[in-house]
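Working notes, structure below.
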Amino acid sequence: MVEKLLDKGYSVNVFDIQKRFDHDRVQFFLGDLCNKEALLPALQDVSVAFHCASPAPSSDNRELFYKVNFMGTKAVIEACKEAGVQKLVLTSSASVVFEGTDIKNGTEDLPYAKKPIDYYTETKILQEKEVLSANDPDNNFFTTAIRPHGIFGPRDPQLVPILIQAAKSGKMKFIIGDGKNLVDFTYVDNVVHGHILAAEHLRKDSPVCGKAFHITNDEPIPFWAFMSRILTGLNYDAPKYYIPYWLAYYLALFLSLVLWLLSPLITIKPTFTPMRVALAGTFHYYSCERAKRDMGYKPVVSLDEAIDRTLQSYPHLRRVKA
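Residues are numbered in our numbering as their position in the sequence shown, beginning at 1, plus a constant of 18.
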């Protein structure tokens, strides 16, 4: 995000809990997102704020999610208004409408999930509602939410590193379901492009104001085909054994129940959960027609090119075969 904004000639301030990189054209501010007073210096003379912060989706720390995604967002909104920021663009998630069942070409008109699949999604719903309801054209404050899905790309510490670690541990041998379930994976450059377009279109009487937008590569791919391309591209074997979706789901449910019963005695964080089975075995891809219509969105990097760039960026994860 920062690199693309600089390329377009914008001046950039970054607020974070720790300094992750150095750049002579970026001013860094360190602090707690939940502290409005700490946020204010970073927002002085700023016209657009991009709120991208969140704990990692894989965390199970409900208190942390609530603090950062909900209370932190309330602080961001208050600080933006006090500092005179005119535009606020939230990084939300398409998962806010996902309940573990098939979604095919889902639009933004789908209701929020009544049974969110995890704490991350639960608090992203609260966060998005807070940001969109803060849209206030009469007072020159405009908000929108970008809903990417399955973000991947160079320097991502989540998808590819976690996948390769699972492969090294022998956990990537099975395909859940028939392997035909289509899913959106979205390259980071396209996500950033969607954010910047949204900011540039936020103005009074714009259809972008107070709305959420799905941003994807617009090329849904079978979940296991994508995983196999990443694995084989880094010299790991693709999964080849099939396990019925219903069987995997109920096995994960049974395991969760057993661990819950044992929780007074031992604490184990399972990786095989009903939520992860649902993510791997159901359809969940989304329409970005609203973004195309209202802000001229079009992916700037194709899925094939995105996968190639991503694989080239992880030489240290490549398996060296004897």
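Backbone N, C-alpha and C fix where the C-beta goes; we use that ideal spot for every residue, glycine too.
All of these numbers come straight from a predicted model, not from anything done at the bench.
Secondary structure at I121, three-state DSSP: helix, strand or coil?
Residue state, collapsed to three classes: strand.
Considering just the uninterrupted stretch of the alpha helix (DSSP H) at P166, what are its terminal residues?
Where P166 is concerned, there is no enclosing alpha helix (DSSP H), although the beta strand (DSSP E) it sits in stretches over 160-166.
I135 by DSSP, collapsed to three states: which one?
Here DSSP, grouped into helix, strand and coil, assigns I135 to coil.
Could you name the residues of the same chain whose beta carbon sits closer than 6 angstroms to that of V103, not counting the 5 residues immediately before and after it, in chain order?
Answer for V103: L61, V64, A67, listed in chain order.
Specify whether the segment 141-161 and the segment 246-258 touch according to this definition: at least 3 beta carbon pairs, one from each stretch, less than 8 angstroms apart.
no
Are the Cβ atoms of H41 and L24 separated by less than 9 angstroms?
Their beta carbons are under 9 angstroms apart, which means H41 touches L24 by this criterion.
Going along the chain, which residues of its own chain have a beta-carbon closer than 6 angstroms to the beta-carbon of F75, five neighbours each way excluded?
Correcting the residue type first, residue 75 is Pro in the shown sequence and not Phe. Closer than 6 angstroms at the Cβ level, and outside the excluded window around P75, lie Y138.
Pairing CB atoms from the segment 270-289 with CB atoms from the segment 203-221, are three or more of them under 8 angstroms?
no
Considering only C-alpha positions, which residue in the set K316, V338, L265, D156 is nearest to N208?
K316
Once DSSP output is grouped into helix, strand and coil, what is the label at K99?
helix
Beta-bridge partners of T109, as assigned by DSSP:
BP columns for T109 point to I164.
Is I341 helix, strand or coil when you go by DSSP?
Residue 341 is absent from the model: the chain starts at 19 and stops at 340.
Suppose you measure from the CA of L106 to the CA of S151; what does that come to, to the nearest Å?
Here the C-alpha atom of L106 lies approximately 12 angstroms from the C-alpha atom of S151.
Start-to-end residues for the beta strand (DSSP E) that takes in V66
66-69
Is the CB-CB distance between V226 and F159 below 9 angstroms?
no
Pick helix, strand or coil for P240, following the three-state DSSP scheme.
strand
When the Cα atoms are used, what is the spatial distance from F39 to V318?
25 angstroms
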